[in-house]
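See below for the structure under consideration.
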Amino acid sequence: MNTKPSLWLMLVMLMFPQIVETIYSPALSSIALSFDVNHAQAAQTLSIYFLAFAIGVVVWGVLADKLGRRPTMLIGLFIYGCASLLATQTESFAVVMAARALSAFGIAVGSVVTQTMLRDAFDGQELSKVFSLMGMGISISPVVGMLLGGQLTALGGYRYVFFALFLIALVLLAYNVIKLPETQKEQTPVRLHQLSWEMVRDARIWRSGLLVALYNIALFSYYQLGAFTFSALGYNSEQFGYSGMVLGLGTLLGSYLNKSLVSKNVRKSQLLWLSAVLLSLGSVGVLILSQSIWFVAPMVLVVMSYGIAIPNILSDALVDYKQQVGSAGALFGLMYYIMIGTGLAMAGTAQNLGVVLLVAVGMAVTCHPPHRSGRALLTHPAPTSSHTVKSLIRVWMHYSWGRDPQCQIMTESLPRHPFALASPFQGL
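This note's numbering puts the first residue of the sequence shown at 880, with every later residue one more than the last.
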């Protein structure tokens, strides 16, 4: 059977994994206080979340091809609900970490299976428009999570947050049991080794994966480090939650701008460069204003860039893998979620939002395609700027080791013209 799913249900299922993550961010200070751990240890729960999420993406993607989309979605939601309930009942930080990992594994189903169902039901320009709509929801979901998380943490600490997630999981599970259709046209044999090898050799996949990871690192580093930055500036978790309303302006503007430009048939390469410019301006602004609450203002540009970039990258990433889109989506997700988890682990060590954003934007610019077709890019890649990547790594090491920040390190070591940076995939 091939029934088109409700777009509203698909939107909720794509939004929920990010709501799950950001609803937890205002509770990081509460967790650090309750379990007597430092900020860096509390922040690492975010990187653990993404690494476990990566494993879940693979498992659910493969099962979606083997068992079908609907049963896979229901199993994942059930596991997520159990993990959230476990987190409310423990007094151990290690168990909270384990529950977070299990919940991430379960809720990964909402990302990979939902995208798979959309690719089952739509294609071509219609799929791009659907992903543009989904992008609006994805962009708004962190704001929803922040606001809810701030209020729940103020009311009852981290336990209220986990209990609310458990209740939401129950509601979603019940609704999916009633309303979710099966969209898989036919079961195809899963040749995972062959598919993996094909994707490993695909430069388009690597570039798309890196871009997805870098934009997510730029966004989620705020939710990872922002609570501690607010605390250092004398603000509480509830006020940090309200900052989501400011970021909401950026998400709405970015998503609306993307939807408008897609409807006017603006090329994806142009949209991606627009997102890169916004990310660059926002990152520099956050670094400059990092000692003031006004650092939130340039973060609006960062979330705008996310709202433009992500739907355009995702809608085009797996166009050559329609026959095994569930497994291909799983492997693609594994790739970029491992990158996100690793990047956020480094960000948690650095504990400096401005520098993390600057490193992310520098690497993202090297990965963005020039204004030509994807096939031309694959057959004629531009030269690599290894000097740039080394300089960015040098900046991260400088900050993570706790020395005095020297902004001239970046300005002296980077090329003068950022748009001369090239693709890192030469020779693939």
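We put the CB at the ideal spot given by N, CA and C, even for glycine. Model, not experiment: these values are computed from the prediction.
Which residue marks the beginning of the alpha helix (DSSP H) containing residue i, and which one marks its end?
{"i": "tyrosine 1185", "result": "1175–1196"}
{"i": "asparagine 1095", "result": "1082–1111"}
{"i": "alanine 978", "result": "972–1000"}
{"i": "lysine 945", "result": "918–945"}
{"i": "lysine 1147", "result": "1147–1167"}
{"i": "leucine 907", "result": "907–913"}
{"i": "asparagine 1137", "result": "1116–1142"}
{"i": "threonine 1228", "result": "1204–1229"}
{"i": "tyrosine 903", "result": "Here tyrosine 903 belongs to no alpha helix (DSSP H), and DSSP marks it neither H nor E."}
{"i": "threonine 951", "result": "948–967"}
{"i": "glutamate 1077", "result": "1071–1079"}
{"i": "threonine 1245", "result": "1232–1246"}
Whose C-beta lies closer than 6 Å to the C-beta of residue i among residues of the same chain, with five residues either side of it excluded?
{"i": "serine 885", "result": "none"}
{"i": "alanine 1209", "result": "Val936, Val937, Gly940, Val941 and Val991"}
{"i": "threonine 1063", "result": "Before going further, note that residue 1063 is glutamine rather than threonine in the sequence given. Excluding sequence neighbours, glutamine 1063 sits near Gly947 and Arg948."}
{"i": "glycine 1233", "result": "Val1165, Leu1166 and Ser1169"}
{"i": "leucine 1026", "result": "Gly1120 and Gly1123"}
{"i": "serine 1194", "result": "Leu1006, Ser1007 and Phe1010"}
{"i": "alanine 983", "result": "Tyr928, Ala931 and Phe932"}
{"i": "arginine 1038", "result": "Thr967"}
{"i": "leucine 1157", "result": "Leu1180, Met1183 and Ser1184"}
{"i": "alanine 921", "result": "Leu907, Ile910 and Ala911"}
{"i": "threonine 882", "result": "Pro1060"}
{"i": "methionine 996", "result": "Pro884, Arg948 and Thr1062"}
{"i": "isoleucine 1192", "result": "Ser1087, Leu1090 and Val1091"}
{"i": "glycine 955", "result": "Trp939, Gly985 and Val988"}
So the candidates are the options; which of them puts its Cα closest to the Cα of residue i?
{"i": "arginine 1080", "options": "Thr1062, Phe1211, Asn1231 and Met1225", "result": "Phe1211"}
{"i": "alanine 980", "options": "Glu1077, Gly1220 and Asn1137", "result": "Gly1220"}
{"i": "valine 975", "options": "Phe1001, Ala966 and Phe1174", "result": "Ala966"}
{"i": "arginine 998", "options": "Ser1159, Gly1161, Glu1061 and Val1141", "result": "Glu1061"}
{"i": "alanine 1207", "options": "Met889, Leu930 and Gln994", "result": "Gln994"}
{"i": "glycine 1036", "options": "Pro896, Ser913, Gly1105 and Phe1174", "result": "Ser913"}
{"i": "valine 891", "options": "Leu1104, Ser1142, Gln1030 and Met1013", "result": "Met1013"}
{"i": "valine 1125", "options": "Pro1177, Trp887, Asp1002 and Gly1028", "result": "Pro1177"}
{"i": "leucine 888", "options": "Gly1028, Thr924 and Val1050", "result": "Val1050"}
{"i": "alanine 1239", "options": "Gly1029, Asp1199, Tyr1216 and Ser1159", "result": "Ser1159"}
{"i": "leucine 1071", "options": "Phe1174, Thr951 and Lys945", "result": "Lys945"}
{"i": "tyrosine 1215", "options": "Leu956, Met1078 and Leu1034", "result": "Met1078"}
{"i": "alanine 1196", "options": "Gly1161, Asp1002 and Asn1144", "result": "Asp1002"}
So, are the CB atoms of residue i and residue j less than 8 Å apart?
{"i": "glycine 1133", "j": "valine 1182", "result": "yes"}
{"i": "alanine 1048", "j": "tyrosine 959", "result": "yes"}
{"i": "proline 905", "j": "threonine 1108", "result": "no"}
{"i": "alanine 978", "j": "alanine 1000", "result": "no"}
{"i": "serine 1154", "j": "serine 1184", "result": "yes"}
{"i": "proline 1021", "j": "leucine 1098", "result": "yes"}
{"i": "methionine 1218", "j": "glycine 1088", "result": "yes"}
{"i": "serine 1110", "j": "serine 908", "result": "yes"}
{"i": "alanine 943", "j": "glycine 1227", "result": "no"}
{"i": "alanine 933", "j": "leucine 1213", "result": "yes"}
{"i": "serine 1100", "j": "valine 1244", "result": "no"}
{"i": "glutamine 1103", "j": "leucine 1223", "result": "yes"}
{"i": "valine 1040", "j": "isoleucine 1187", "result": "no"}
{"i": "valine 964", "j": "phenylalanine 1045", "result": "Here residue 964 is leucine; the residue named in the question, valine, does not match the sequence. Result yes, Cβ atoms of leucine 964 and phenylalanine 1045 sit closer than 8 Å."}
Using C-beta distances below 8 Å, list every residue in its chain close to residue i, excluding the 5 sequence neighbours before and after it, in chain order.
{"i": "leucine 953", "result": "Leu1052, Asn1055, Val1056 and Leu1059"}
{"i": "histidine 1250", "result": "Low confidence applies here, because histidine 1250 scores a pLDDT of 49, under 50, leaving its location unreliable; read the following figure in that light. Same-chain partners within the cutoff: Arg1146, Ser1148, Gln1149 and Trp1152."}
{"i": "glycine 1281", "result": "Because the pLDDT at glycine 1281 is just 45, under 50, the model does not fix this residue reliably, and the value given afterwards should be weighed accordingly. Answer for glycine 1281: no residue qualifies."}
{"i": "histidine 1259", "result": "Annotation note: pLDDT 37 at histidine 1259 (below 50); position unreliable, no value reported."}
Leaving out the 5 sequence neighbours to the left and right, which residues in its chain are closer than 7 Å to residue i when beta-carbon positions are compared?
{"i": "leucine 1128", "result": "Val1179"}
{"i": "phenylalanine 1298", "result": "With a pLDDT of 30 at phenylalanine 1298, under the threshold of 50, the modelled position of that residue is not reliable, and the figure given next carries that caveat. Hits under 7 Å: none found."}
{"i": "valine 916", "result": "Phe972"}
{"i": "isoleucine 898", "result": "Ser1020, Val1023 and Gly1024"}
{"i": "leucine 1112", "result": "Ile1172"}
{"i": "valine 1141", "result": "Ser1007, Lys1008 and Ser1011"}
{"i": "tyrosine 1136", "result": "According to the sequence shown, residue 1136 is leucine rather than tyrosine. Contacts found: Ile1187."}
{"i": "tyrosine 1200", "result": "Ala1207"}
{"i": "serine 926", "result": "Gly1220, Leu1223, Ala1224 and Gly1227"}
{"i": "alanine 919", "result": "Gly1227, Thr1228 and Gln1230"}
Within 8 Å of any Cβ in chain D, is that where the Cβ of residue i sits?
{"i": "leucine 1210", "result": "This model lacks chain D altogether; it includes just one protein chain."}
Count the C-beta pairs between the stretch 988–997 and the stretch 1116–1129 that are closer than 8 Å, then say yes if the count reaches three, no if not. Counting Cβ pairs under 8 Å, fewer than three are found: no touch.
Decide if the stretch 1085–1102 is in contact with the stretch 1002–1013; the criterion is three or more beta carbon pairs, one per stretch, under 8 Å apart. no
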